[in-house]
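S.K.:
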Amino acid sequence: MQRINASIGFDRKLWREDIEGSKAHAAMLAAQDIISADDAAAIRGGLEAIEAEIADGRFVFKTELEDIHMNVEARLAELIGPAAGRLHTARSRNDQVATDFKLWVRNALVRLDNDLKALQGALLNQAERHASTIMPGFTHLQLAQPVTFGHHLLAYVEMLGRDRSRVADALKRSDDCPLGAAALAGSPYPIDRRNTAAALGFARPSANSIDAVSDRDFALDYLATGAILAVHLSRFAEELVLWSSDQFAFVRLSDGFTTGSSIMPQKRNPDAAELVRAKTGRIIGDLNTLLIALKGLPLAYSKDMQEDKEPVFDAEETLALALAAMTCMVADMKVNTDSMRRATDRGYVTATDLADWLVRTLGMPFREAHHVSGSLVKQAETRGVQLYDLSLDEFRAVHAAIDERVFAVLTVEASVASRTSEGGTSPARVREAVAAATTRFL
Ligand code: ARG
Numbered sequence: 005m006q007r008i009n010a011s012i013g014f015d016r017k018l019w020r021e022d023i024e025g026s027k028a029h030a031a032m033l034a035a036q037d038i039i040s041a042d043d044a045a046a047i048r049g050g051l052e053a054i055e056a057e058i059a060d061g062r063f064v065f066k067t068e069l070e071d072i073h074m075n076v077e078a079r080l081a082e083l084i085g086p087a088a089g090r091l092h093t094a095r096s097r098n099d100q101v102a103t104d105f106k107l108w109v110r111n112a113l114v115r116l117d118n119d120l121k122a123l124q125g126a127l128l129n130q131a132e133r134h135a136s137t138i139m140p141g142f143t144h145l146q147l148a149q150p151v152t153f154g155h156h157l158l159a160y161v162e163m164l165g166r167d168r169s170r171v172a173d174a175l176k177r178s179d180d181c182p183l184g185a186a187a188l189a190g191s192p193y194p195i196d197r198r199n200t201a202a203a204l205g206f207a208r209p210s211a212n213s214i215d216a217v218s219d220r221d222f223a224l225d226y227l228a229t230g231a232i233l234a235v236h237l238s239r240f241a242e243e244l245v246l247w248s249s250d251q252f253a254f255v256r257l258s259d260g261f262t263t264g265s266s267i268m269p270q271k272r273n274p275d276a277a278e279l280v281r282a283k284t285g286r287i288i289g290d291l292n293t294l295l296i297a298l299k300g301l302p303l304a305y306s307k308d309m310q311e312d313k314e315p316v317f318d319a320e321e322t323l324a325l326a327l328a329a330m331t332c333m334v335a336d337m338k339v340n341t342d343s344m345r346r347a348t349d350r351g352y353v354t355a356t357d358l359a360d361w362l363v364r365t366l367g368m369p370f371r372e373a374h375h376v377s378g379s380l381v382k383q384a385e386t387r388g389v390q391l392y393d394l395s396l397d398e399f400r401a402v403h404a405a406i407d408e409r410v411f412a413v414l415t416v417e418a419s420v421a422s423r424t425s426e427g428g429t430s431p432a433r434v435r436e437a438v439a440a441a442t443t444r445f446l
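Numbering (the working numbering), first residue to last: 5 to 446.
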């Protein structure tokens, strides 16, 4: 029973929040004359001593005391005697654990936001440096149209911005303090729930005592936010793996984030990026674990809910590590601008620019222009040359009205420079977007 029942092996991580919650509770009990000022002072002193013991690694956690709440309370009794028994007046472990865990998750959300911001900062640095670095843009992983590398990186800045807005939403939604709900029905003592809510940094006490001890939405919000973020990181990690391969050679990851092979001396494996890609599975698993643990639980508290913590702790450690690794990889990566540029010399990436020119200069309907451009691509393909290598006669053989002005739109430089629509890839727009994102996010 002890082995299946105890949570101290993992919930010791809540020690700071548990002590913070108890201090606020004891102060409120004294302010409401539910316990004496002397007892409250003794409780506070004892809790501070325990805080120091745990911080210094001197505290002895005991499995037979089941969880962090009873470990702290038992030690308090050793330190201050019978007054310790008054701390649990008008409180239950049900509202206590909900409060501790919510406080912990709120702190974790703040840390997550900081980590996301750091990664955005690293991406913005590289985006600014590479606002006019040309690379092929892809759809279906086929060469599509030229874009700038800065523009591509800014796509991730936006994704992370949405992740941060989910973090902010989660924080807003977790602003109700469960403390004072007691076991589930509320308390017969004249407690002041607004006092403890404010002391712990919450906006208000939770409105319904049954909901307060049953609710783990704040943990689900954390994990759902983390799962979406992890999917973003894995898409980026996958691009780093592709880009750092010899076939692409778009970036060179620093030695610190690659490993050699025990047999092939030339290898530079992008292990850190691959691990970020794989750890996504863990985080999605953490979300599933908690969704499934909560599914079908009757109100109010059931012991199943003790299983809420490990997935959140695991996700938090994993996300912190993955974000730190990505931030350093982005900051350190060397961009191979020549091979990015060279990669645009394949695949007729300006075929759309040619069609657009036919529309704008000759007034051709886009569908027909698409067809004409396609015929010219076929011709270039047959000869094994680029569109701009075709002669004016060859252009005219396909459509008589084409003139020499067409050559001006066939280079990748002209193509990206022309994409000046809002949110587009032209270097001028990208520089603007970097400045705007810096104001919005940093
Ligand atoms: N260790 C428990 C948990 O983490 C604390 C709450 C216990 N409450 C109870 N009624 N047994 O959920």
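We treat Cβ as the ideally placed atom computed from N, Cα and C, and that holds for glycine.
1) With DSSP run on the structure shown, which of helix, strand or coil describes residue 186?
2) So residue 103 packs on residue 181, CB below 8 Å; how close in whole Å?
3) How big is the Cα-Cα spacing for residue 305 and residue 77?
4) So, at 7 Å on beta carbons, what are the nonlocal neighbours of residue 2 in its own chain, with the 5 sequence-adjacent residues on each side left out?
5) For residue 16, tell me which candidate among 328, 37, 70 has the shortest Cα-Cα distance.
6) Taking C-alpha atoms, which residue in 31, 110, 350 lies nearest to residue 45?
7) Any beta-carbon of chain C closer than 8 Å to the one on residue 355?
8) What are the start and end residues of each continuous alpha helix (DSSP H) run of 4 or more residues lying completely inside the segment 39 to 87, in chain order?
9) Does the beta-carbon distance from residue 244 to residue 274 come in below 8 Å?
10) Pull up the distance between the alpha-carbon of residue 65 and that of residue 107, whole angstroms please.
11) Determine whether the beta carbon atoms of residue 312 and residue 301 lie at a separation below 8 Å.
12) According to DSSP, is residue 141 helix, strand or coil?
13) Going by C-alpha distance, which of 139, 337, 378 is nearest residue 357?
14) Could you tell me the alpha carbon to alpha carbon distance between residue 296 and residue 327, rounded to whole angstroms?
15) Taking the alpha-carbon positions, what's the residue 90 to residue 163 distance?
16) Can you say whether residue 391 is buried or exposed, counting buried as having 16 or more other CB atoms within 10 angstroms of its CB?
17) With hydrogens ignored, establish whether the beta-carbon of residue 76 is closer than 7 Å to any heavy atom of ligand 1.
18) Suppose the cutoff is 7 Å on Cβ atoms and the five residues either side in sequence are ignored; what does the same chain contact list for residue 349 look like?
M.R.: On the basis of the coordinates in this document:
1) Locating residue 186 in the sequence shown gives position 182, where the first residue counts as 1. Coil.
2) Translated into positions along the sequence shown, residue 103 becomes position 99. Translated into positions along the sequence shown, residue 181 becomes position 177. Correct: roughly 6 Å between the Cβ atoms.
3) Indexing the sequence shown from 1 puts residue 305 at position 301. Indexing the sequence shown from 1 puts residue 77 at position 73. The straight-line gap from Cα to Cα measures roughly 21 Å.
4) Look at the range of the chain in this structure, 5 to 446, and you will see that residue 2 is not part of it.
5) Stepping through the sequence shown from its first residue, residue 16 is reached at position 12. For the residues 328, 37, 70, the minimum Cα distance to residue 16 belongs to 70.
6) Indexing the sequence shown from 1 puts residue 45 at position 41. Per the Cα distances, 31.
7) Protein chain content of the structure displayed is limited to a single chain, and chain C is not contained in it.
8) 41 to 59, 72 to 84
9) Start at 1 with the first residue of the sequence shown, and residue 244 comes out as number 240. Start at 1 with the first residue of the sequence shown, and residue 274 comes out as number 270. It is a contact, given that the beta carbons lie within the stated cut-off.
10) Reading the sequence shown from its first residue, position 61 is the one you call residue 65. Reading the sequence shown from its first residue, position 103 is the one you call residue 107. When rounded, the distance between both Cα atoms is 21 Å.
11) In the sequence shown, the residue the question calls residue 312 occupies position 308. In the sequence shown, the residue the question calls residue 301 occupies position 297. Result no, Cβ atoms of residue 312 and residue 301 do not sit closer than 8 Å.
12) Taking the sequence shown and counting its residues from 1, one reaches residue 141 at position 137. Residue 141 falls in the strand class under three-state DSSP.
13) Reading the sequence shown from its first residue, position 353 is the one you call residue 357. The residue with the shortest Cα to Cα distance from residue 357 is 378.
14) Numbered from 1 along the sequence shown, position 292 holds the residue referred to as residue 296. Numbered from 1 along the sequence shown, position 323 holds the residue referred to as residue 327. About 27 Å.
15) Start at 1 with the first residue of the sequence shown, and residue 90 comes out as number 86. Start at 1 with the first residue of the sequence shown, and residue 163 comes out as number 159. For residue 90 and residue 163, the distance between alpha carbons rounds to 50 Å.
16) The residue you call residue 391 lines up with position 387 of the sequence shown. Buried, since its Cβ has 16 or more Cβ neighbours within 10 Å.
17) The residue given as residue 76 occupies position 72 in the sequence shown. No, the Cβ of residue 76 stays beyond 7 Å of every heavy atom of ligand 1.
18) The residue you call residue 349 lines up with position 345 of the sequence shown. Once the five neighbours on either side are set aside, the close Cβ partners of residue 349 are 390.
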